[in-house]
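Colleague: This is the structure, below, for whatever I ask next.
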Amino acid sequence: MLSKNKIKLIRSLSAKKNRYEISLFVAEGRKCVDDLLPAFECELLVHTPEYTIPQGAPAPKEVVEVTHDELRHASLLEAPQSVLAIMRMKSVDLSRIKTSGALTLAIDGVQDAGNMGTIIRIADWFGIDNVVCSNGTVDVYNPKCVQATMGALARVNVCYTDLPQFLKSLHPDVELYSTSLSGSNIYESELSGSAVVVMGNEGNGVSDEVMKLCRRQLLIPSYPAGRPTSESLNVGVATAIVCAEFRRRVSC
3 MLSKNKIKLI RSLSAKKNRY EISLFVAEGR KCVDDLLPAF ECELLVHTPE
53 YTIPQGAPAP KEVVEVTHDE LRHASLLEAP QSVLAIMRMK SVDLSRIKTS
103 GALTLAIDGV QDAGNMGTII RIADWFGIDN VVCSNGTVDV YNPKCVQATM
153 GALARVNVCY TDLPQFLKSL HPDVELYSTS LSGSNIYESE LSGSAVVVMG
203 NEGNGVSDEV MKLCRRQLLI PSYPAGRPTS ESLNVGVATA IVCAEFRRRV
253 SC
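If you want the working numbering, it's the 1-based position in the sequence shown plus 2.
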């Protein structure tokens, strides 16, 4: 049985302030939890009888078996699955992130947790190890974001920093790209195997301060040219297209 205090703790972690005070976050669902168990220290695992901890996974500090009704009372999801875990955050040392000879994503002010989780999942799919975020970007440990990563958070390093300062500190051999509606056609542009690509806020795009630091701006063209169409692409969709084109054409 899950105590009232534990339910209270789980629900409190929906708030960023509470998460960072105790460095804990919530992950839910079999796929997400199974992937995160080897990568994060698990403080509490709450599960229904049909769930089993994957063989070889580190043992959680505490395991509580509950009924479906008990899990529903504790869960942050409208339709909870068979398992919920409280895990300890881990810090990423920005100075140890390798950008030379690699493709890195930089996120400038993305606000939607679902979009952010999708971007991390895309990074995982395309073998991108590091995602560097502006301090104004949505928290990666937001429960909706964790859910949207579908476990990709176990394999992608995500850190937050002063993004303009980070970009200014990069080695000269790292090419800086940003997406822009006034940029050059990505399919006709030269793409570097040593690159940081900046994806911007859902409504405002890449900030002016960051845009000025990026020598190259890339446009994903609509088809056919000149046809009335949507104002822009969803940032998650745009990230997938950009990453796919980099991986198609360059080795990084």
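By construction, the Cβ of each residue, glycine as well, lies at the ideal position given by its N, Cα and C atoms. Everything numeric in this text was worked out from a predicted model, so none of it was measured.
Out of 111, 235, 102 and 190, state which residue places its alpha-carbon closest to the alpha-carbon of residue 136.
Modeller: Nearest C-alpha to residue 136: 111.
Colleague: Do the CB positions of residue 244 and residue 199 come within less than 7 angstroms of each other?
Modeller: Contact: yes.
Colleague: Give the single residue among 103, 122 and 39 whose Cα lies nearest to the Cα of residue 239.
Modeller: Minimum Cα distance to residue 239 is reached at 122.
Colleague: Please list, in chain order, all residues of the same chain as residue 25 whose beta carbon is under 8 angstroms from its beta carbon, the five residues on each side excluded.
Modeller: Taken in chain order, the residues that qualify are 90 and 91.
Colleague: Residue 135 lies in the alpha helix (DSSP H); which residues open and close that run?
Modeller: First-last for residue 135: 132-136, but that is the beta strand (DSSP E), not the alpha helix (DSSP H).
Colleague: With the cut-off set at 7 angstroms, would you say residue 50 and residue 86 are in Cβ contact?
Modeller: Result no, Cβ atoms of residue 50 and residue 86 do not sit closer than 7 angstroms.
Colleague: If I measure Cβ to Cβ from residue 16 and keep anything under 7 angstroms in the same chain, skipping five residues before and after, which residues do I get?
Modeller: So the qualifying residues of the chain are 78 and 145.
Colleague: Could you pull out every residue in the same chain whose Cβ sits closer than 8 angstroms to the Cβ of residue 102, ignoring the five residues on either side in sequence?
Modeller: 173, 175, 176 and 196.
Colleague: What three-state label does DSSP hand residue 164 in the structure shown?
Modeller: Residue 164: coil per DSSP, three-state reduction.
Colleague: Taking the DSSP output, what are the residues bridged to residue 88?
Modeller: Answer is 28 and 46.
Colleague: Looking at the structure shown, is residue 83 part of a helix, part of a strand, or coil, going by DSSP?
Modeller: Of the three classes helix, strand and coil, the one that applies to residue 83 here is coil, per DSSP.
Colleague: If residue 107 sits next to residue 201, beta carbons under 8 angstroms apart, how far is it from one beta carbon to the other, in whole angstroms?
Modeller: Their Cβ separation, rounded to whole angstroms, is 7 angstroms, which keeps residue 107 and residue 201 in contact under 8 angstroms.
Colleague: Helix, strand or coil for residue 192 per DSSP?
Modeller: Here residue 192 sits in coil by DSSP.
Colleague: Shortest alpha-carbon distance to residue 211 belongs to which of 167, 233, 252 and 224?
Modeller: Checked all of 167, 233, 252 and 224; the closest Cα to residue 211 is 167.
Colleague: Among the residues of its own chain, which have a CB less than 8 angstroms from the CB of residue 83, if the five just before and after it don't count?
Modeller: Contacts found: 30, 31 and 32.
Colleague: Report buried or exposed for residue 142, applying the criterion of at least 16 other Cβ atoms within 10 angstroms of its Cβ.
Modeller: Classification of residue 142: buried, given that the 10 Å Cβ count is 16 or more.
Colleague: To the nearest angstrom, how far is it from the Cα of residue 4 to the Cα of residue 131?
Modeller: Approximately 37 angstroms, taken between the alpha carbons.
Colleague: Classify residue 129 as buried or exposed, calling it buried when 16 or more other Cβ atoms lie within 10 Å of its own Cβ.
Modeller: Residue 129 is exposed by the Cβ-count criterion.
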